[in-house]
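Residue numbers (this note's numbering): 241 to 1118. Every residue, glycine too, gets a C-beta built ideally from N, C-alpha and C. Given the structure is predicted, the values throughout are model-derived calculations rather than measurements. Here's the structure, in structure tokens; my notes come after.
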Ligand SMILES: [Zn+2]
Ligand SMILES: [Zn+2]
């Protein structure tokens, strides 16, 4: 069975038993701030178990997306190194909310595993809690699990939600994978058995019976309603069902690894180191795809930092595989392909996810090589000094300057036999925090320990070049004088560089000495304290000296692009409020030279038509070429004049009010165009939800918009060339081709039906007679499902009164089908016939009294199944 079929058959099995199939909850818990990510199926039902919420159904079944990763730095280590740790995984579960209880939960679990999925009973074990006589009794009474295979455990078989609250005993089903699977055979203290911590016995399904409430004093009392909560790890189950060596060999994951193989031009299973990298990329690509689909974006804290760590670890493993360019956004495509059917949200957001991944890959690529070079030098030094650990300050520098998460550095060092001196790392981190707090105090008390007496004035957003004096130099690593390669924060008395603010990124550019002997490349500009702007970057030539006169030159094209994008956010803000209502407020924005993002509070999708009106309105105001004016005034006065305040900005006593004609008035310290016409053109790229009640609009302006149009034009050109039609007619031509394809498919099916009809007399040669009924059970090859169904219909018509059973091998798959003529449905039941035969070919299924079919994974046993059909229908001997 494929992964999709396993998932479907689980959901179908419980749907047929009165369960509502509910969609997976998002990975980000909707109403549980205590939890970083949804890590089990029960999370979305927690409030129901606590009695604080209800659902319109009492039985549910689902396949839940889960992510297990803590905030701690080193828990990623195992993922990829072995073959069974994952960050992202799926959890299958069925639930009873005060409805059925232990008897049904146990009976159904056993039926599904042993009768539908045909797992060998002699390899299954059941465990129950030491006090749970009821569960043990049920296992004996309603299942045929081996009498000596029901074991009692204490802590392993008791489940609690937390220190207090709902809890209860659980019953687990373990599978024995054979003595060879034990990975602790060399350990003399190891006794190989269930729950002994080796790879031979693995838990596949946990049935939790929630029957108690634990109060503050630790006392248990019975709950008014009893619940069932079960969980089965999908990847592990699929590995067992597909009889493959590891979770990563399951078809769903193997398809993703195959895409990495193609990109890296390497083969999985050849070199252990490459295998580790491929597994890491496979796992992380899944996690990353689903995290972004559920609204997380890379950042430096919380959930966003977890995402960033995963992305950067995967990027580095790509480097190990020899992938020079960003690649992970392409692996995202393989994830969408492998998992898009059960999780359509990743299909719908494919482009957005790939964009976000690519952006982060490119961002990290800028520092990855430099960081790796530094690390290589430091590793050489540590080895020369025979040290066992890399100094914590070095790890911190990699973290702070090159964006290496600590676990990434550790991951690289494992290969060198080195660790990180964690205490030193934490000390350096603490020192940086203290500096941050110092800067904060400076804001409050006008005293800065680091930047005391420093002040730098932004000379305004119309100035691209300016001369000033270096008044402060800061570096966490080096001391003065700062020579070539040194990374330094430079503060000058005045600067034309815009410091990151209000979502607009900081400027880049150059600081040079007047005689040209020194050049410093500015990679970012940040406010490090109130009134202190730092140019962050690297000395490229000569030496930096305090007191020196320098020329500051911004990257004007980059600033200009940011300026256009930022200015457009003012128009967007006004247009959104105009069309959606004054409840719309900016909830964040990010402006880069390439694009603008605008997050705003709004409860539902904007809709294509409204979005087009908004786009039209913004472009209308651009063409109106409104004058943009800025004016300084007291904060209170600005608000009285109706200026909108930007989200997350701190305003001083005096603020800058930015007006675009009469259309928009906002408080803003950003960089703006002189007239709205400078923006050129505004094009929305998309709109989507990013969090509850928050929507995100992405757009491009100016040259960015032109570039987008050109890209689309090239794409259309390519499509037109492929379908050999002029561009205007490409869509019509494509439609025609698709219609032709459908027509051809239909004709193939018809021809198959005819072929099958022609074969009918031969097939009936094998027919037998039982009490006036004609029974035929025979094998047919070369037909697809539909052809086989048509053939069964024809044969049924021909025999007039009787039963037709057909078997067909289709590659790895066996297909069985039974049809009963209407007059005999009282005597024979097609669904029941199939139910009994399907297990013989390793499958399951059922159906109506007159028609039923089933698939199986063992085509070699088809003949045996067809022989059994004659037996079953009383036509065993002629
Ligand atoms: Zn063992
Ligand atoms: Zn602005």
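Run of the alpha helix (DSSP H) containing residue i, from where it starts to where it stops
i            : result
residue 820  : 796-820
residue 439  : Run containing residue 439: none; DSSP gives neither H nor E here.
residue 1064 : Run containing residue 1064: none; DSSP gives neither H nor E here.
residue 877  : 875-880
residue 823  : Looking at the DSSP string, residue 823 is not in any alpha helix (DSSP H), and its letter there is neither H nor E.
residue 598  : 590-624
residue 398  : Per DSSP, residue 398 belongs to no alpha helix (DSSP H); it is in the beta strand (DSSP E), 398-400.
residue 724  : Per DSSP, residue 724 belongs to no alpha helix (DSSP H) and is neither H nor E.
Contacts around residue i, its chain only, beta-carbon distance under 7 Å, and the 5 residues preceding and following it disregarded
i           : result
residue 606 : none
residue 504 : 561, 562, 563
residue 610 : 642
residue 391 : 365, 367, 434
Any non-hydrogen atom of ligand 1 within 7 Å of residue i CB
i           : result
residue 436 : yes
residue 430 : yes
residue 417 : no
residue 522 : no
residue 306 : no
residue 363 : no
residue 410 : no
residue 422 : yes
residue 440 : yes
Residue burial classification, residue i (beta-carbon count within 10 angstroms, cutoff 16)
i            : result
residue 1032 : buried
residue 949  : exposed
residue 565  : exposed
residue 802  : buried
residue 259  : buried
residue 1106 : buried
residue 536  : buried
residue 360  : exposed
residue 727  : buried
residue 849  : exposed
residue 754  : exposed
residue 346  : buried
residue 334  : buried
residue 1016 : buried
residue 427  : exposed
Residue range of the beta strand (DSSP E) that includes residue i
i            : result
residue 241  : Run containing residue 241: none; DSSP gives neither H nor E here.
residue 522  : It is not in any beta strand (DSSP E) - residue 522 instead sits in the alpha helix (DSSP H) that spans 512-533.
residue 1084 : 1083-1087
residue 536  : Per DSSP, residue 536 belongs to no beta strand (DSSP E) and is neither H nor E.
residue 1112 : Premise fails: residue 1112 lies in the alpha helix (DSSP H), 1102-1112, not in any beta strand (DSSP E).
residue 841  : 836-841
Proximity test, residue i beta-carbon vs ligand 2 heavy atom, cut-off 7 Å
i           : result
residue 944 : no
residue 810 : yes
residue 898 : yes
residue 813 : no
residue 700 : no
residue 746 : no
residue 901 : no
residue 471 : no
residue 908 : yes
Residues of its chain near residue i, where Cβ-Cβ distance is below 6 Å and the 5 sequence neighbours each way are ignored
i           : result
residue 297 : 260
residue 861 : 811, 903, 916
residue 594 : 569, 572
residue 585 : 533
residue 461 : 453
residue 341 : 466
Own chain partners of residue i with C-beta closer than 8 Å, once the 5 adjacent residues on each side are dropped
i           : result
residue 551 : 524, 528, 538, 568, 597, 600, 601, 604
residue 394 : 369, 370
residue 663 : 632
residue 487 : 323, 324, 326, 475, 476, 478, 479, 493
Starting from the N-terminal side, write out each stretch of the alpha helix (DSSP H) that is 4 residues or longer and does not extend beyond the region 538-579. 542-560, 568-579
Going along the chain, which unbroken runs of the alpha helix (DSSP H) with 4 or more residues stay wholly within the region 306-380? 342-350
Which full runs of the alpha helix (DSSP H) of 4+ residues lie inside the region 426-503, going along the chain? 474-481
Could you tell me which whole alpha helix (DSSP H) segments of length 4 or greater appear in the region 897-982? 942-962
Within the region 758-797, note down every full beta strand (DSSP E) run reaching 3 residues or more, in order along the chain. Assignment of beta strand (DSSP E) within the region 758-797, counting only whole runs of 3 or more residues, yields 759-769, 772-781, 789-794 in chain order.
Taking the runs of the alpha helix (DSSP H) that are 4 residues or longer, which of them lie wholly in the region 260-307? 286-289
At 3 residues or longer, and completely inside the region 1006-1081: list those beta strand (DSSP E) runs for me, N to C. 1008-1010, 1013-1019, 1042-1050, 1053-1060
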